[in-house]
Amino acid sequence: MDRANITLKEVLEQIVPRDEKAAQIAQSRWDSIAKPLHSLGWLEEAVIRIAGAQHSPQVETEKKILIPMCADNGVVAEGVTQTGQEVTAIVAENFLDEKSCAAIMCRMSRAAIRPIDIGMATDTPRVEKRKIAYGTKNFAYEPAMTREEAVSAVETGIRLVCELKEEGYRLIATGEMGIGNTTTSSAVAAALLGVPAEEMTGRGAGLSSDGLKKKIRVIREALGRWSLTEQDPLTILSCVGGFDIAGIAGLFLGGAYCHIPVLIDGFISSVAALLAVRLCPEAAGYMIATHVSKEHAARRVLEELGLSYALDAGLCLGEGSGAVACFPLIDMAAEIYHSMSTFEQICVEAYQELQ
């Protein structure tokens, strides 16, 4: 099959569950290592999830990459953000100059970074263009995008993972850059979970109390206008989502299709993960949660996904920073998994599982 032109429909039909046998072998390997059972907590779980996702207990973590999906959101015209859309393009370029937090963290963790312009309002000189449109529409008055645009954005993420697999990448972190995207992600989360707007909406990058009230009102009215709590995931995405959310959802689905584990970053990334799971439940087996964002309702989304995380450090930057912060943890876990002596090798009686 030509993966360069693969469609969302084809991918949803072909995704299979993670390899439970590989995950069980990885669990047995951890249990044989000369240390107390389960004593490395999330580190052990991450390696087990990688084994299941890669369909092999010989986990590979060396070649890894952060993909920040960059897009603008028309809803910023409603005053739901503290800064203007010009910031999206500035930070997107900064990814390439190691002037953003996530880019510096990638350098420190020996990971590549590849920002994608999936829907920025302006063109920039160097950021790779896979633009669906020059930003979304203002969902306070009309759907953010057409259904066709939503599908195209998801497919962009899927096809990118197919390319990354051919390039030898075995671990992908999701990131984003887009002023206004805590508004879109809060709206998508509220619709997917069927909860009121105020339960999913926070201050984002630092809204005033009046700004927060305006943000909640805009989301609440949009949820009601299209009865979004009763709609399918793609309708929700097209009405109140963003191209970055759609592209990240595509990364998760592409990871499941290509058997590559994909790291969830913060709130926006976790909402995209939830969207992907609603489109294909089996995709959850290929996801690794890294941290819980300080953003309002982040914990609620991760609970819905049923995933544990490594860090609760008050992070709420975005960009993929929380996911990249866990790359070194995963590298250490993989090294222990592959290299540490077993109880048998050091002639010590193994720990027994206790009820």
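Here our numbering is used: the first residue of the sequence shown is 2, the next is one more, and so on.
Every residue, glycine too, gets a C-beta built ideally from N, C-alpha and C.
Should residue i go down as buried or exposed, given a rule of 16 or more other Cβ atoms within 10 Å for buried?
| i | result |
| --- | --- |
| N6 | exposed |
| A145 | buried |
| P262 | buried |
| Q353 | exposed |
| I249 | buried |
| E143 | exposed |
| D118 | buried |
| T175 | buried |
| V272 | buried |
| A122 | buried |
| T184 | buried |
| R149 | One point to set straight first is that residue 149 is Glu, not Arg, in the sequence displayed. Under this definition E149 is an exposed residue. |
| K10 | exposed |
| S294 | buried |
| A351 | exposed |
| E296 | buried |
| G169 | exposed |
Rounded to whole angstroms, what is the Cα-Cα separation between residue i and residue j?
| i | j | result |
| --- | --- | --- |
| M109 | A326 | 9 Å |
| I49 | E21 | 9 Å |
| P116 | R171 | 18 Å |
| A190 | I289 | 19 Å |
| L280 | E45 | 28 Å |
| V128 | G136 | 15 Å |
| K130 | P37 | 49 Å |
| E283 | S186 | 22 Å |
| V12 | H292 | 28 Å |
| L97 | G203 | 29 Å |
| V162 | G205 | 29 Å |
| P69 | G315 | 20 Å |
| M106 | Y310 | 19 Å |
| E63 | V219 | 44 Å |
| I51 | V349 | 28 Å |
| E345 | P329 | 28 Å |
| E79 | A188 | 14 Å |
| Q15 | R226 | 35 Å |
| L264 | L308 | 11 Å |
| L213 | E94 | 29 Å |
| A257 | L235 | 18 Å |
| L194 | L306 | 11 Å |
| T125 | E99 | 16 Å |
At least one CB of chain C closer than 8 Å to the CB of residue i: is that the case?
| i | result |
| --- | --- |
| L316 | Checking the listed chains, one finds no chain C in this structure; it contains a single protein chain. |
Quick one: measure Cβ to Cβ for residue i and residue j, integer angstroms, because I've assumed they're closer than 8 Å.
| i | j | result |
| --- | --- | --- |
| V76 | F140 | 5 Å |
| S101 | V92 | 6 Å |
| G323 | D266 | 5 Å |
| L67 | A90 | Actually they do not touch by this definition, with Cβ atoms about 18 Å apart. |
| A198 | I217 | 5 Å |
| L229 | A192 | 4 Å |
| Y338 | R111 | About 18 Å; that fails the 8 Å criterion. |
| H260 | Q55 | 6 Å |
| E200 | A298 | 6 Å |
| A47 | I347 | Between I347 and A47 the Cβ distance is about 25 Å, and since that is not below 8 Å, they are no contact. |
| I26 | P58 | 4 Å |
| G319 | I237 | That pair is no contact at about 21 Å. |
| V60 | A335 | 6 Å |
| G286 | G42 | The Cβ separation is near 20 Å, so there is no contact. |
| G120 | K132 | 6 Å |
| I114 | G255 | I114 to G255, Cβ: 18 Å. No contact. |
Exercise for review: Would you be able to state if there are at least three C-beta pairs under 8 Å between the region 238 to 247 and the region 202 to 213?
Suggested key: Touching, no.
Review point. Hey, is the region 173 to 180 in contact with the region 68 to 84, meaning 3+ C-beta pairs nearer than 8 Å?
Key: Result yes; three or more Cβ-Cβ pairs closer than 8 Å.
**Study point:** Runs of alpha helix (DSSP H) wholly within the region 231 to 300 (minimum 4 residues, chain order)
**Key:** Within the region 231 to 300, the runs of alpha helix (DSSP H) at least 4 residues long that lie entirely inside it are, in chain order, 234 to 241, 244 to 259, 268 to 280.
Review point. Do three or more CB pairs link the region 245 to 260 to the region 59 to 76 at distances below 8 Å?
Key: Inter-segment contact for the region 245 to 260 and the region 59 to 76 is present: three or more beta-carbon pairs are separated by less than 8 Å.
**Study point:** At least three beta-carbon pairs within less than 8 Å, the region 147 to 167 to the region 299 to 314
**Key:** Because the criterion of three Cβ pairs below 8 Å is not met, the region 147 to 167 and the region 299 to 314 do not touch.
Review point. What runs of the beta strand (DSSP E), each 3 residues or longer, lie entirely inside the region 148 to 234?
Key: Correct list: 172 to 178.
Review point. Considering only residues of the region 61 to 116, which uninterrupted beta strand (DSSP E) runs meet the minimum length of 3 residues and lie entirely inside it, listed in chain order?
Key: DSSP runs (the beta strand (DSSP E)) wholly in the region 61 to 116: 65 to 72.
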